[in-house]
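J.: Numbering (my numbering), first residue to last: 26 to 365.
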Amino acid sequence: MKGLAVDAGGALSVVELDMPETGEYQALVRTVACGVCNGTDAKLIHGEFKNFHDYPAVLGHEAVGEVVRIGSKVRNFKVGDRVLLPFLEQENRGYHSGWGGFAQYGVVGDYRAMPDGMDYPEAYRAQSVVPPDLDPVKAVMLVTFREVLSAIRRFGLRAGEPVLVYGAGPVGLCFIRFCKLLGLGPVIAAEVDGEKLEEAKKLGADYAFDSLRCDVAAEVRRMFPAGIDNIIDAAGVNALIRQAMEIVKYNGKICCYGISAKTSMTLDWTRAPYNWSLLFVQWPSKTEEGEADEQIFAWLRSGELCFDDYISDIVPFEQVLDVFDTVLAGRARKKVIVRY
26 MKGLAVDAGG ALSVVELDMP ETGEYQALVR TVACGVCNGT DAKLIHGEFK NFHDYPAVLG
86 HEAVGEVVRI GSKVRNFKVG DRVLLPFLEQ ENRGYHSGWG GFAQYGVVGD YRAMPDGMDY
146 PEAYRAQSVV PPDLDPVKAV MLVTFREVLS AIRRFGLRAG EPVLVYGAGP VGLCFIRFCK
206 LLGLGPVIAA EVDGEKLEEA KKLGADYAFD SLRCDVAAEV RRMFPAGIDN IIDAAGVNAL
266 IRQAMEIVKY NGKICCYGIS AKTSMTLDWT RAPYNWSLLF VQWPSKTEEG EADEQIFAWL
326 RSGELCFDDY ISDIVPFEQV LDVFDTVLAG RARKKVIVRY
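1) From the DSSP secondary-structure annotation, give me the bridge partner or partners of K278.
2) Taking the beta carbon of R247 as the centre, do at least 16 other beta carbons fall within 10 Å, making it buried, or is it exposed?
3) Measuring straight from C-alpha to C-alpha, what distance separates V155 and T56?
4) Leaving aside the five residues before and after P81 along the sequence, list all residues of the same chain whose C-beta is less than 6 Å from its C-beta, in chain order.
5) If you drop the 5 nearest sequence neighbours on each side, which residues of the same chain put their C-beta closer than 6 Å to that of M166?
6) Just to confirm, is the Cβ distance from L198 to A225 under 8 Å?
7) If you measure from the beta carbon of E186 to each beta carbon in chain D, is any gap under 8 Å?
8) Applying the 10 Å Cβ sphere with the 16-neighbour rule, what's the burial state of Q307?
9) Work out the CA separation of D66 and V133 for me, nearest whole Å.
10) Give me the residue from C281, R179, E319, E91 with the minimum Cα distance to V54.
11) Leaving out the 5 sequence neighbours to the left and right, which residues in its chain are closer than 8 Å to R100 when beta-carbon positions are compared?
12) Where does Q51 fall in DSSP's three states?
13) Evaluate Y145 with the Cβ neighbour count: other Cβ atoms within 10 Å of its Cβ, from every protein chain shown; 16 or more gives buried, anything less gives exposed.
14) Return the first residue and the last residue of the beta strand (DSSP E) that F180 is part of.
15) How far does the beta strand (DSSP E) with D338 in it reach, from first residue to last?
16) Taking buried to mean at least 16 other C-beta atoms within 10 Å of its own C-beta, is V361 buried or exposed?
Printed below as a string of structure tokens:
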């Protein structure tokens, strides 16, 4: 089979791999599609993913696939099921797993069928079946949807509280939409791209500020003289933490979800209130992702959530190298999905 790999110097190539081996509690999955992640994939390419040093690596963590073979003790997957998060678990021809969703085949595990006390990767708890009424290619967005909803729950955001979201890329748009659906408000978006601000307003932002044309902190202070309860960094820009400290409310929260390439900074909290919290959720819990399934499925079926609002391009695997050039150059408008 083929897969997309990156070496330690950041060079991408399509490589030949062996078909993954599967055990009695695992299923072999043919990849249907995989999304390009500006956080994980880009950081792995640039050598900036914290504590990851195993190169060359097969990229991809946003895959949907179809089960083609099940182990003898698998009970909760069947052949033909579309499933989330097939991964490569083992080194393959010298290539390590950068989760491996951009390989043509992957593996999922049936943890519910395992005996008590048996060890297994936490990822198995998020390897769930995609309902048959959902488009399996566009269903790649379920990975981002679940990560964002589980982060909102972990951040402790509550209905009735205002929230400011920095960034209106695919992740920022998810935060904006979900906060609106969960009853937070007003929802304020801040972004440097005018087109993305228009998307933010379509998806529920009550106010949208162009960070290049106005002083976002001053605008927020005019609306909330005492500061704002919740601020979300969905862009992964450390400077936003500094700005947020000036406008966070007493006992408010600054919530960092976007992954910055720089893992250190100097904080000056002179202009911050005495009491406030700085929270990081940058490695979503797979257990909590799995627990987000039903709410996401309900929003999709009610029409309150739509895949197309977050996707800009769907391209064949044969164009995967060109696709990454586009994404890494910052020319992708929303989520880019590679189909097989």
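The C-beta atom is built at its ideal place from N, Cα and C for all residues, glycine as well.
T.: From the atom records:
1) N255, S302
2) exposed
3) 13 Å
4) A30, D32, Y120
5) F332, Y335
6) yes
7) No chain D is present in this structure, which holds just one protein chain.
8) exposed
9) 20 Å
10) E91
11) D135, R137, A138
12) strand
13) exposed
14) Note, F180: premise wrong, no beta strand (DSSP E); alpha helix (DSSP H) at 166 to 180.
15) 336 to 341
16) buried
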